[in-house]
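Have a look at the structure below before the remarks.
There are 2 protein chains.
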Amino acid sequence: MSRKSVRSSHPINEILDILGTRWTLRILWELRDGPQSFRALQARCERVSPTVLNQRLALLREHGIVTLESPGGYRLTSQGRELGEILMALSRWAKRWSGDAD
Amino acid sequence: MSRKSVRSSHPINEILDILGTRWTLRILWELRDGPQSFRALQARCERVSPTVLNQRLALLREHGIVTLESPGGYRLTSQGRELGEILMALSRWAKRWSGDAD
DNA sequence: CCCGTGTGCTACGTATAATGTAGCGATCGC
DNA sequence: GCGATCGCTACATTATACGTAGCACACGGG
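Residue numbers (the working numbering), protein chains in the order written: chain A, 12 to 113; chain B, 12 to 113.
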């Protein structure tokens, strides 16, 4: 559950690899306001296929960012919630960025 | 140069789309400590093809996150640097995360 | 004048990853 | 038993990225 292969010397490279694949960031974002079922997540990420959704969730679970619990479904772990805070900062930035550049 | 199509109601969705494609996060990360030439960037992102690198840089330039200047090469704009700060927070988180989970 | 080196960038064939649709086994309420 | 939902998978199609080679341009000697 918590074992992972270290393919990069700096952890940032690993997390960049994980977050830099399609849908991963989006999934975390959708998970930010409470637990979601697989199918709810699928509905929120409008064009994601169940195959990739499952792949991403499996990866995020492997790395201890997300867990699956019998009632409620998928949810962020404490580490995942910290990551969610960073996404909130990203959201605030995006708002300013959108205002400036648009 | 600064015009962009709004395909999502919330800016976070757009930035999630942009950052959630392969290499984009990594490119921004490599740009964080100073301007880089196209080829230097290519060397730092070890397996990126020039095709995608150019696509990503073009997209980031379109959105005013990165600029290309005659001496020095590619560099972050002021908005890009703000985004870089968020990546630094991500890096700090990654360090803790790696320490806990590994 | 030509040559080597560096720049940003493109073409094109091949490999990989994501999509869309259908459906599985399990669980729950009726 | 029936229908609705759950997480998840199979498989054929399509989009995306890769890898290599090379273009056009600029600069700085010899």
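For each residue, glycine too, the CB sits at the ideal point set by N, CA and C. Computed from a predicted model, the values in this text were never measured in an experiment.
Check: Since Thr78 of chain A is in the beta strand (DSSP E), which residue starts that stretch and which ends it?
Finding: As a first step, residue 78 of chain A is located in the first sequence; it is residue number 67 there, counting from the start. Element bounds for Thr78 of chain A: Val77 to Glu80.
Note to self: Considering just the uninterrupted stretch of the beta strand (DSSP E) at Arg86 of chain B, what are its terminal residues?
What the structure shows: Locating residue 86 of chain B in the second sequence gives position 75, where the first residue counts as 1. Its beta strand (DSSP E) spans residues Gly84 to Leu87.
Item checked: Neighbour-count burial assignment, Gly31 of chain A, 16 or more Cβ in a 10 Å radius -> In the first sequence, residue 31 of chain A corresponds to position 20, counting from 1. By the 10 Å Cβ count, Gly31 of chain A comes out buried.
Next item on the list: Along the alpha helix (DSSP H) that carries Arg72 of chain A, what are the first and last residues, could you check?
Entry: Locating residue 72 of chain A in the first sequence gives position 61, where the first residue counts as 1. Its alpha helix (DSSP H) spans residues Pro61 to Glu73.
Note to self: Taking 8 Å as the cut-off, does the region 96-104 of chain B touch the region 96-104 of chain A (at least 3 CB pairs, one atom from each stretch)?
What the structure shows: yes
Next item on the list: Give me the Cα-Cα distance between Arg55 of chain B and Glu96 of chain A, rounded to the nearest whole angstrom.
Entry: Counted from its first residue, the second sequence places residue 55 of chain B at position 44. Counted from its first residue, the first sequence places residue 96 of chain A at position 85. Approximately 28 Å between the Cα atoms of the pair.
Notebook entry, point to check: Near Pro22 of chain B, what residues of its chain come up, given a Cβ to Cβ distance below 6 Å and the 5 sequence neighbours on each side ignored?
Noted result: Along the second sequence, read from residue 1 onward, the residue named residue 22 of chain B stands at position 11. Excluding sequence neighbours, Pro22 of chain B sits near nothing in its chain.
Notebook entry, point to check: Since Thr88 of chain B contacts Val77 of chain B with CB under 8 Å, what's their CB separation in whole angstroms?
Noted result: For this step, residue 88 of chain B is matched to residue 77 along the second sequence. For this step, residue 77 of chain B is matched to residue 66 along the second sequence. Contact flag correct, Cβ pair sits at about 7 Å.
Next item on the list: Answer with buried or exposed for Ser13 of chain B, where buried requires no fewer than 16 other C-beta atoms within 10 angstroms of its C-beta.
Entry: Here residue 13 of chain B corresponds to residue number 2 of the second sequence, with the count starting at 1. With a pLDDT of 34 at Ser13 of chain B, under the threshold of 50, the modelled position of that residue is not reliable, and no figure is offered here.
Next item on the list: Classify Ala105 of chain A as buried or exposed, calling it buried when 16 or more other Cβ atoms lie within 10 Å of its own Cβ.
Entry: Position 94 of the first sequence, counted from the start, is the residue given in the question as residue 105 of chain A. Label assigned to Ala105 of chain A: buried.
Check: Roughly how many whole angstroms lie between the Cα atoms of Asp28 of chain A and Arg37 of chain B?
Finding: In the first sequence, the residue the question calls residue 28 of chain A occupies position 17. In the second sequence, the residue the question calls residue 37 of chain B occupies position 26. When rounded, the distance between both Cα atoms is 8 Å.
Next item on the list: Could you check the C-alpha separation between Leu52 of chain B and Ser81 of chain A for me, to the nearest Å?
Entry: Taking the second sequence and counting its residues from 1, one reaches residue 52 of chain B at position 41. Taking the first sequence and counting its residues from 1, one reaches residue 81 of chain A at position 70. Each residue's Cα considered, the two are about 45 Å apart.
Next item on the list: Can you give me the Cβ contacts of Val59 of chain A inside the same chain, cut-off strictly under 7 Å, excluding the 5 residues immediately before and after it?
Entry: The residue you call residue 59 of chain A lines up with position 48 of the first sequence. Trp34 and Gln53.
Checklist line | Alpha carbon of Glu73 of chain A to alpha carbon of Ile26 of chain B, nearest angstrom | finding: Working through the first sequence from its first residue, we reach residue 73 of chain A at position 62. Working through the second sequence from its first residue, we reach residue 26 of chain B at position 15. Whole-angstrom Cα-Cα distance: 26 Å.
Check: How would you call Arg107 of chain B, buried or exposed, if buried means at least 16 neighbouring beta carbons within 10 angstroms?
Finding: One-based indexing of the second sequence puts residue 107 of chain B at position 96. It counts as exposed.
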